[in-house]
């Protein structure tokens, strides 16, 4: 079996690709179950490397949004902020993210936004492009 072809097929069938911050353990497998391809950031990666290499034209899922807001428009990424969740269970977070991606049409927005989610799945979305 051709590995490159297999990866392309998996990516082609996924709803989209998100980048998961290193501080959110366990959410990757739950997002994959919901047909969302995940790129995990290696522990200890510098924020500037994350912004330059991992984030352009992607959506970041993080509990540390303050470190990423200022550069979202220049590096062209979107943010789903889970900072305000009280219950950081991986399954719960994945369900909230999956529903938010659809409800707020984040795949179409692509970049230049922050969506701040709460435990009820409600969120406020802000445009970060001036």
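Numbering (the working numbering), first residue to last: 2 to 131.
Even for Gly, the Cβ is constructed at its ideal location relative to N, Cα and C.
Nonlocal neighbours in the same chain, by C-beta distance under 7 Å from residue i, ignoring five residues either side
{"i": "residue 35", "result": "95 and 99"}
{"i": "residue 33", "result": "39"}
Which listed residue (the options) has its alpha carbon closest to that of residue i
{"i": "residue 78", "options": "104, 86 and 69", "result": "69"}
{"i": "residue 72", "options": "105, 114, 84 and 90", "result": "114"}
{"i": "residue 86", "options": "67, 48, 27 and 120", "result": "120"}
Inter-residue spacing [alpha-carbon to alpha-carbon] between residue i and residue j
{"i": "residue 65", "j": "residue 23", "result": "10 Å"}
{"i": "residue 2", "j": "residue 93", "result": "In this predicted model, residue 2 has a pLDDT of only 48, less than 50, meaning its place in the structure is not dependable enough to derive any value."}
{"i": "residue 82", "j": "residue 53", "result": "19 Å"}
{"i": "residue 130", "j": "residue 110", "result": "12 Å"}
{"i": "residue 126", "j": "residue 88", "result": "20 Å"}
{"i": "residue 25", "j": "residue 76", "result": "22 Å"}
{"i": "residue 29", "j": "residue 91", "result": "8 Å"}
{"i": "residue 101", "j": "residue 112", "result": "15 Å"}
Sequence-distant residues of the same chain with beta carbon closer than 6 Å to residue i, five excluded per side
{"i": "residue 97", "result": "118 and 122"}
Residues near residue i in its chain [Cβ-Cβ closer than 8 Å; skip 5 each side]
{"i": "residue 4", "result": "Low confidence applies to residue 4: its pLDDT is 49, below 50, so where it sits in the model is not reliable, and the reading given next is rough at best. So the list is empty, once near-sequence residues are dropped."}
Residue j beta carbon less than 8 Å from that of residue i
{"i": "residue 18", "j": "residue 41", "result": "no"}
{"i": "residue 107", "j": "residue 51", "result": "no"}
{"i": "residue 63", "j": "residue 80", "result": "yes"}
Classification of residue i by the beta-carbon crowding that lies within 10 angstroms, buried from 16 upward
{"i": "residue 31", "result": "buried"}
{"i": "residue 27", "result": "exposed"}
{"i": "residue 124", "result": "buried"}
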